[in-house]
Amino acid sequence: MAIQQTITMVTLGRPFHLGMLYDTRNDKLIPNITLWDPQTLANHTIIHKQPYTGYEIITEDSLQDKAHALGVEASLKLSLLSGLMNISGSGKYAEDYQKTNREARLTLKYSTTTYFQELTMKHLGKGNLDLHDKNNATHVNVTLVSVTDNA
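So for the sequence shown, the UniProt record's numbering puts the first residue at 1; every next one is plus one.
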């Protein structure tokens, strides 16, 4: 019997979509495979407006401080450090460091949230049930929050 566990993570530029499969064991998205067809996903998706704008001034340049600013949890930070994941978008900020001690860095982090997307899960149990037995994924993405971070 599988243990049900909800995880929350930042995407760091990775292309997460509703219904997409994810494997936490190696921090990998499983592309082009979902448990449901696109029409079923579209019919069971709810979109809520979630407007938010905020900013933060960051004066530190350590990976710890950058990970905190990006909302990265410990397991994702380990994947980032070990090179398990390729990052893009605002996640590239974590890889950018001061070149010398003669420069000072001040970063303005600007965040905007526009909407929250979720699957209703009324269709749970229908679809590609044979995928459950392949042991490729540990989780299914059922919610997305559209956040834009600029640093």
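All residues carry an ideal CB built from backbone N, CA and C; glycine is no exception.
Local conformation of residue i per DSSP, three classes
{"i": "Q117", "result": "strand"}
{"i": "residue 152", "result": "This structure does not reach residue 152, given that the chain is present from 1 up to 151, and the question cannot be answered."}
{"i": "K28", "result": "strand"}
{"i": "H68", "result": "helix"}
{"i": "L63", "result": "helix"}
Buried versus exposed, by CB contacts within 10 Å (16 or more), residue i
{"i": "N141", "result": "buried"}
{"i": "M1", "result": "Caution is warranted here: a pLDDT of 45 is assigned to M1, below 50, making its placement in the model unreliable, and no coordinate value can be reported."}
8 angstroms contact criterion, which residue i and residue j should meet: CB distance rounded
{"i": "T114", "j": "Q39", "result": "Actually they are not in contact, since the Cβ atoms of T114 and Q39 sit about 25 angstroms apart, beyond 8 angstroms."}
{"i": "L21", "j": "I7", "result": "Not confirmed; about 13 angstroms, so no contact."}
Contacting residues, own chain, Cβ-Cβ under 8 angstroms from residue i (five flanking each side not counted)
{"i": "Y55", "result": "L108, K109, Y110 and S111"}
Sub-8 angstroms separation of residue i and residue j beta-carbons
{"i": "T143", "j": "D23", "result": "no"}
{"i": "D61", "j": "Q98", "result": "yes"}
Cβ-based neighbour list, residue i, same chain, cut-off 6 angstroms, excluding 5 preceding and 5 following
{"i": "F116", "result": "H48, Q50 and V145"}
Own chain partners of residue i with C-beta closer than 7 angstroms, once the 5 adjacent residues on each side are dropped
{"i": "T59", "result": "L106"}
{"i": "T120", "result": "H44 and I46"}
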